[in-house]
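In our numbering, the protein residues as written are 849 to 983.
C-beta atoms are modelled at their ideal positions from N, C-alpha and C, and glycine is treated no differently.
Heads up, the thing below is written out as structure tokens.
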């Protein structure tokens with residue numbers, strides 16, 4: 849059994865195989881997942897698992913150099929935005945932030961290596977995590 853926080857084998861595998869600048873999307877229960885993109889569906893019921901409870905173990909295994917967020921989160925879900933940014937601070941990462949409109953965000957997800965669906969049911973709780981390097 850793994851010793852690190854992230855126990856989901858599918859998710860751990862996707863993180864292990866991506867290269868520099870490739871990305872994984874972590875999303876709420878409502879984000880449309882494009883055809884052709886690998887779906888890792890962790891949602892059990894509304895709120896379970898929460899977005900942040902999945903983000904933190906991902907950050908324990910993945911070096912992130914850049915994130916993409918929908919501009920709408922600033923106004924529609926500032927509490928979640930604060931939690932997202934704090935999660936990066938807690939692990940000593942300071943990724944570059946790219947702000948886009950939600951419609952553009954959905955288009956960018958088409959290029960994700962995988963999309964991880966949580967049970968989060970709060971608006972705009974979505975982030976694209978662009979892989980960095982550890983050296």
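Item: Comparing alpha-carbon positions, which option in 913, 851 and 856 lies nearest residue 945?; Value: 913
Item: Could you round the C-beta distance between residue 853 and residue 963 to whole angstroms and report it? I think they count as a contact, below 8 Å.; Value: Incorrect: roughly 20 Å between the Cβ atoms, too far for contact.
Item: Check residue 916 in the structure and name its three-state DSSP category.; Value: strand
Item: Beta-carbon separation of residue 903 and residue 860 under 9 Å?; Value: no
Item: Would you report the Cα separation of residue 881 and residue 957, rounded to the nearest angstrom?; Value: 8 Å
Item: Report the residue from 909, 959 and 876 whose alpha carbon sits nearest the alpha carbon of residue 940.; Value: 909
Item: Run through DSSP, which three-state label would residue 978 get?; Value: strand
Item: Give every residue of the same chain whose Cβ lies closer than 6 Å to the Cβ of residue 1017, excluding the five residues on either side of it in the sequence, and list them in chain order.; Value: In this structure the chain extends from 849 to 983, so residue 1017 is not present and cannot be described.
Item: Going straight from the alpha carbon of residue 986 to that of residue 968, what length do you get?; Value: The requested residue 986 does not occur in the structure, where the chain is confined to residues 849 to 983.
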